[in-house]
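Heads up: the structure comes next, in structure tokens.
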Amino acid sequence: EAGVVQSPRYKIIEKKQPVAFWCNPISGHNTLYWYLQNLGQGPELLIRYENEEAVDDSQLPKDRFSAERLKGVDSTLKIQPAELGDSAVYLCASSPDRGVVGANVLTFGAGSRLTVL
Amino acid sequence: AQSVSQHNHHVILSEAASLELGCNYSYGGTVNLFWYVQYPGQHLQLLLKYFSGDPLVKGIKGFEAEFIKSKFSFNLRKPSVQWSDTAEYFCAVNAANNNDMRFGAGTRLTVKP
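Residue numbers (my numbering), protein chains in the order written: chain A, 2 to 118; chain B, 401 to 513.
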């Protein structure tokens with residue numbers, strides 16, 4: 002099993018540039034999460050999908066951040082334009098449906114580290 | 401929404417010392433509780449979880465945690481730490497009726513050889 006795959010692992014951009022992150026969850030995992038992790042802090046939820054539906058995007062700064070999960074599998078997270086304060090690690094995680102063995106247990110990807118100059 | 405607080409930002413221990421990391425959550429309903437660990441340069445991974453039943457749960461590598469409902473706590477323990485336990489530890493909680501997972505700020509554990 003490949004696990005949760007994220008790309009790119011590292012991205013350095015100048016402020017005001019756009020950036021996109023991609024996530025491929027574990028096959029069969031219907032719930033997908035995007036978290037932001039600042040240095041020395043815990044993951045903070047940005048958006049959660051159940052299949053292709055965004056069921057919780059209350060923490061997503063919608064003026065510059067957007068996300069999509071077409072066909073309920075892969076997901077992309079976009080920032081446009083990026084600001085200095087967006088420098089962080091963007092984590093993707095997935096979990097099975099509720100009622101399925103392993104539900105509520107998140108499997109994380111390696112993360113995408115963004116540096117905005 | 402639920403929230404999680406971890407009391408210790410950075411803990412430094414010598415090998416063989418005992419460990420206890422504090423975790424408290426706030427949520428009025430039934431919760432699932434987790435500890436995740438992030439070793440240097442690696443992914444976040446599950447250490448142990450509590451869903452129901454025996455409030456003392458055992459995880460990998462000799463770790464255990466005790467759910468005390470009256471205190472809204474889920475502290476992580478290990479009787480004797482090793483240098484390889486050096487990592488960042490995150491407590492997490494989700495409401496039992498949804499998949500909304502929230503994390504604490506984390507505790508960095510440094511074990512001196």
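A virtual CB, placed ideally from N, CA and C, is assigned to each residue, including glycine.
Between the Cα of Pro-455 of chain B and the Cα atoms of B:Lys-461, B:Pro-440, B:His-443, B:Leu-476, which residue gives the shortest distance? Ranking the options by Cα distance to Pro-455 of chain B, first place goes to B:Leu-476.
Is it a yes or a no for the region 416 to 436 of chain B touching the region 76 to 89 of chain A, going by three-plus beta-carbon pairs under 8 angstroms? Contact check between the region 416 to 436 of chain B and the region 76 to 89 of chain A: fewer than three CB pairs, one atom from each, fall below 8 angstroms, which does not count as touching.
If you draw a straight line from the alpha carbon of Gln-120 of chain A to that of Glu-464 of chain B, how long is it in whole angstroms? Outside the shown range of chain A (2 to 118) lies residue 120 of chain A, about which nothing can therefore be said.
Classify Lys-471 of chain B as helix, strand or coil using the three-state DSSP reduction. Secondary structure of Lys-471 of chain B (DSSP, three-state): helix.
Closer than 8 angstroms between beta carbons: that is the criterion. Which residues of the region 499 to 510 of chain B meet it against chain A? Within the region 499 to 510 of chain B, contact with chain A at the beta-carbon level (separation under 8 angstroms) is assigned to Asn-499, Asp-500, Met-501, Arg-502, Phe-503, Gly-504, Ala-505, Gly-506, Arg-508.
Among A:Asn-52, A:Gly-41, A:Glu-45, A:Ile-27, which residue has its Cα nearest to the Cα of Phe-503 of chain B? Distances from the alpha-carbon of Phe-503 of chain B to those of A:Asn-52, A:Gly-41, A:Glu-45, A:Ile-27 put A:Glu-45 closest.
Return the bridge partner residues of Asp-57 of chain A from the DSSP annotation. Residue pairing by DSSP puts Asp-57 of chain A in a beta bridge opposite A:Arg-49.
Using a Cβ-Cβ cut-off of 8 angstroms, state whether His-443 of chain B counts as contacting chain A. Interface residue, yes.
For Asp-75 of chain A, which residues from the same chain have a beta carbon less than 7 angstroms from its beta carbon, with the 5 sequence-adjacent residues on both sides left out? Cβ within range, chain order: Trp-23, Cys-24, Asn-25.
Just to confirm before moving on: does the CB-CB distance between Leu-444 of chain B and Ile-460 of chain B stay below 8 angstroms? Not in contact: Leu-444 of chain B and Ile-460 of chain B (Cβ atoms no closer than 8 angstroms).
Starting from Arg-508 of chain B, follow the beta strand (DSSP E) in both directions and report where the run begins and ends. Taken as a continuous stretch (DSSP letters only), the beta strand (DSSP E) holding Arg-508 of chain B covers 507 to 512.
When the cut-off is 8 angstroms and only beta carbons count, does Asn-520 of chain B lie next to chain A? Since the first residue shown for chain B is 401 and the last is 513, residue 520 of chain B is missing from the structure and cannot be characterised.
With Gln-438 of chain B as the anchor, note down where its beta strand (DSSP E) starts and where it stops. Per DSSP, the continuous beta strand (DSSP E) segment holding Gln-438 of chain B begins and ends at 431 to 438.
At a Cβ cut of 9 angstroms, what residues of the region 63 to 83 of chain A count as close to chain B, listed as they run along the chain? Answer set for the region 63 to 83 of chain A: empty.
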